[in-house]
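Enquirer: Here this note's numbering = 1-based position in the sequence shown + 635. Questions regarding the structure given below will be posed in turn.
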Amino acid sequence: MRWRRVILALGGGAAAAAAVGLALQAFAPFTPEEMALRVAALWRYGAVEVPAQMAAKDDPARGLMARVAAGEVLSVAESATYRRAIQGVLADHQSLFALLDNNLCLVQDAGLGAENNIGGQGIAGLHDLHAASAASNFDELQADLAALAEAGALRRIYLANEAYKDLTDLMVHLAPAMHSVVVTEAPALPAGADPELAARFEAFRGAMRQASFAPINSPAYKDAVAQAQAEYTALALAVQARVVARLSPLEQRIAGRWLAVQGVQPRLDLP
């Protein structure tokens with residue numbers, strides 16, 4: 636996964652080229668329509684494209700992966716088979732995910748006595764408790780936005796990038812999770828959470844959970860995904876508004892927008 640491109644300690648010409656690139660970077664805030672397009676693309680990237688790219692070439696579930704990517708409705712049994720396969724892909728790459736995001740909440744033998752979304756109980760082995768990982772990212776997102784009020788110019792640019800990375804990580808955690816094995820997992824947010832941001836995050840997380848318990852690409856699944864994307868879009872717009880309110884136009888140009896080239900950059904295919 637190509638999450639972050641950081642420009643550090645570049646020599647003469649490379650540093651100049653980087654500076655020019657940043658100076659020419661677009662920084663006008665995304666409209667709601669533009670944001671919604673990017674949210675849909677990021678969801679598809681995390682939920683469908685990355686797991687398929689990471690799966691072994693001889694994975695027996697590759698046929699199901701192609702059907703999911705094409706939008707075909709899977710039966711309950713096929714959805715369970717697909718989710719077991721994706722759970723295996725995620726488990727095989729947990730060391731990589733841990734390098735990319737220090738908010739990974741790994742649990743051994745998660746909820747072995749609890750029902751899960753494939754008609755079984757618990758998850759044996761080491762498992763990313765996705766809802767908890769996303770909650771940890773959300774806590775960092777709030778902290779980064781709150782710190783903007785007191786920070787100097789260079790730190791504001793840094794904090795804006797960190798906030799946008801945390802925002803992306805919320806989707807990167809929960810999009811593949813809805814296609815894997817999920818047990819009861821809804822850690823409460825800490826007291827004092829920002830009411831507006833927390834309400835959007837909880838609605839987003841709840842809708843993604845609903846989708847994770849529905850047959851893949853079924854009407855119930857699609858309704859839950861649409862709701863999740865709408866809530867995440869509203870959250871992204873709220874984060875963008877807070878960053879824009881705190882940064883000068885020059886700082887915004889250097890920091891870039893959400894999914895800017897020097898921040899968190901999955902390669903999204905936009906319409």
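Ideal placement from N, C-alpha and C gives every residue a C-beta, glycine not left out.
(1) Suppose contacts are defined by Cβ-Cβ distances below 8 Å. Is VAL685 in contact with PRO884 by that definition?
(2) Quick one, which of SER853, LYS800 and ALA788 has its alpha-carbon nearest SER710's?
(3) Run the CB neighbour count on LYS692, radius 10 Å, all protein chains shown included, and call it buried at 16 or more, exposed below.
(4) In chain order, what residues of the same chain have a beta carbon less than 6 Å from the beta carbon of GLY656, not counting five sequence neighbours either side?
(5) In the DSSP assignment, find the beta strand (DSSP E) that holds ILE889 and state where it starts and stops.
(6) Starting from LEU741, trace the alpha helix (DSSP H) both ways and give me its first and last residue.
(7) Could you check the C-alpha separation between ASP779 and ALA846 for me, to the nearest Å?
(8) For the candidate residues LEU776, ALA798, TYR867 and THR716, whose alpha-carbon lies nearest to that of GLY891?
(9) In the DSSP assignment, the alpha helix (DSSP H) including ALA861 goes from what residue to what residue?
(10) Pick from VAL816, ALA838 and PRO850: whose alpha carbon is nearest that of LEU747?
(11) Please state whether the Cβ-Cβ distance between GLU866 and ALA849 is less than 8 Å.
(12) For my contact list, LEU677 and MET806 are in at a C-beta cut-off of 8 Å; report their separation, rounded to the angstrom.
(13) Which two residues bound the contiguous alpha helix (DSSP H) that contains LEU709?
(14) State the DSSP-derived secondary structure class of ALA759, mapped to helix, strand or coil.
(15) Using DSSP with H/G/I as helix, E/B as strand and the rest coil, what is SER815?
(16) When the Cα atoms are used, what is the spatial distance from HIS765 to LEU809?
(17) Along the alpha helix (DSSP H) that carries PRO667, what are the first and last residues, could you check?
(18) Rounded to the nearest angstrom, what separates ARG881 and ILE721 at their Cα positions?
(19) Assess contact between the region 834-841 and the region 696-707, defined as three or more Cβ pairs (one per stretch) separated by less than 8 Å. Is contact present?
(20) Reducing DSSP to helix, strand and coil, say where GLU785 ends up.
(21) Just the C-alpha distance for GLN862 and MET813, rounded to the nearest angstrom, thanks.
Expert: Straight from the coordinates:
(1) no
(2) Ranking the options by Cα distance to SER710, first place goes to SER853.
(3) LYS692 counts as exposed, since fewer than 16 other C-beta atoms from the protein chains shown sit within 10 angstroms of its C-beta.
(4) Only weak support exists for where GLY656 lies, its pLDDT of 48 falling under 50; the coordinates are left without a value.
(5) Where ILE889 is concerned, there is no enclosing beta strand (DSSP E), although the alpha helix (DSSP H) it sits in stretches over 884-890.
(6) Counting along the chain, LEU741 sits inside no alpha helix (DSSP H); it lies in the beta strand (DSSP E) bounded by residues 741-750.
(7) 29 Å
(8) ALA798
(9) 854-881
(10) Shortest Cα-Cα distance from LEU747 to any of VAL816, ALA838 and PRO850 involves VAL816.
(11) Judged by their CB atoms, GLU866 and ALA849 are not nearer to each other than the 8 Å cut-off.
(12) 5 Å
(13) No alpha helix (DSSP H) contains LEU709, which DSSP labels as neither H nor E.
(14) strand
(15) coil
(16) 6 Å
(17) 667-679
(18) 40 Å
(19) no
(20) Coil at GLU785, not helix or strand.
(21) 14 Å
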